[in-house]
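K.L.:
First the structure, which I've put down as structure tokens, then a few questions once you've had a look.
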Amino acid sequence: DGGITQSPKYLFRKEGQNVTLSCEQNLNHDAMYWYRQDPGQGLRLIYYSQIVNDFQKGDIAEGYSVSREKKESFPLTVTSAQKNPTAFYLCASKTRTGNTEAFFGQGTRLTVV
Amino acid sequence: AQKVTQAQTEISVVEKEDVTLDCVYETRDTTYYLFWYKQPPSGELVFLIRRNSFDEQNEISGRYSWNFQKSTSSFNFTITASQVVDSAVYFCALSEANRGAGSYQLTFGKGTKLSVIP
Chain Y
1 DGGITQSPKY LFRKEGQNVT LSCEQNLNHD AMYWYRQDPG QGLRLIYYSQ
51 IVNDFQKGDI AEGYSVSREK KESFPLTVTS AQKNPTAFYL CASKTRTGNT
101 EAFFGQGTRL TVV
Chain P
1001 AQKVTQAQTE ISVVEKEDVT LDCVYETRDT TYYLFWYKQP PSGELVFLIR
1051 RNSFDEQNEI SGRYSWNFQK STSSFNFTIT ASQVVDSAVY FCALSEANRG
1101 AGSYQLTFGK GTKLSVIP
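Those protein sequence lines, which keep their order, are chains Y and P. 1 is the number of the first residue of the first sequence in the numbering used here; add one for each residue after it. 1001 is the number of the first residue of the second sequence in the numbering used here; add one for each residue after it.
As structure tokens, this is what we get:
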């Protein structure tokens, strides 16, 4: 079945550690996105990528990094520079036109302990 | 810059009541696309509907209906005869048209949490 897979579903990080969230899609979509969701804040864009080997900062990119070495994969690294990383992270993909919907993964809940 | 406002943070209704979720948007483009997504407790966003700026016809899908009014920049969502399974967070989103090297990103509202009480 086609879709987007995020892993892990739950992730715990100690302060000062970097952690990487995985996002894989088999929908043959060019564009991929990472969103952060906090209670009452909606979805805020962290990074997005339109094609392989290219990505752009979203509204809240500080403290995060990404790579896009393969079309299917768009991992997100939460670095120690991110001051408040506890949140729900959602990955999405879509075709490269404005009129198509995005497909979302099931999310990763990151907690700093 | 584009913006989506969902003024209702939380709504509670009794089962079988009708409920309308409001969405107001801002954009400078004449061509744009509007979306509604449902986020159940499991967390994954589920696509419900897409509407382009040139199509102001209202749409009905079962118990769901959408009212798009360009004059008021609104794209409201109504659930008729609500059910407990409708309990979720609902997001309205806006995407501007193809801008060549543009981002095709979705701008989301903050969501409305709907609770349907049995």
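All C-beta atoms in this analysis are idealised placements derived from N, C-alpha and C, irrespective of residue type, glycine included.
1. Please list, in chain order, all residues of the same chain as alanine 87 of chain Y whose beta carbon is under 7 Å from its beta carbon, the five residues on each side excluded.
2. How far does the beta strand (DSSP E) with serine 1042 of chain P in it extend, from its first residue to its last?
3. Taking glutamate 1010 of chain P as part of the beta strand (DSSP E), name the residues at either end of that continuous run.
4. Mind checking who asparagine 1052 of chain P pairs with in its DSSP beta bridge?
5. Considering just the uninterrupted stretch of the beta strand (DSSP E) at lysine 1003 of chain P, what are its terminal residues?
6. Of the choices P:Glu1010, P:Lys1038, P:Phe1054, P:Asp1055, whose alpha-carbon is the least far from that of phenylalanine 1047 of chain P?
7. Can you pull the DSSP bridge partners for glutamate 1059 of chain P?
8. If I measure Cβ to Cβ from asparagine 53 of chain Y and keep anything under 8 Å in the same chain, skipping five residues before and after, which residues do I get?
9. Listing by chain order, which chain P residues have their CB less than 8 Å from the CB of asparagine 99 of chain Y?
P.N.:
Inspection of the coordinates gives the following:
1. Reading the first sequence from its first residue, position 87 is the one you call residue 87 of chain Y. Arg36, Gln37, Asp38, Leu110, listed in sequence order.
2. Position 42 of the second sequence, counting from 1, holds the residue named residue 1042 of chain P. Element bounds for serine 1042 of chain P: n/a, residue is neither H nor E.
3. Within the second sequence, numbered from 1, the residue matching residue 1010 of chain P stands at position 10. Glutamate 1010 of chain P -> beta strand (DSSP E) spans 1010–1014.
4. Against the second sequence, residue 1052 of chain P aligns to sequence position 52. In DSSP, asparagine 1052 of chain P forms a bridge with P:Tyr1033.
5. Indexing the second sequence from 1 puts residue 1003 of chain P at position 3. Element bounds for lysine 1003 of chain P: 1003–1005.
6. Position 47 of the second sequence, counted from the start, is the residue given in the question as residue 1047 of chain P. When only C-alpha atoms are compared, the closest one is P:Lys1038.
7. The count along the second sequence starts at 1 and reaches residue 1059 of chain P at position 59. In DSSP, glutamate 1059 of chain P forms a bridge with P:Trp1066.
8. Mapped onto the first sequence, residue 53 of chain Y falls at position 53. Closer than 8 Å at Cβ, skipping near neighbours: Arg68, Glu69.
9. One-based indexing of the first sequence puts residue 99 of chain Y at position 99. Within chain P, the residues near asparagine 99 of chain Y are Tyr1033, Arg1050, Asn1052, Ser1095, Ala1097.
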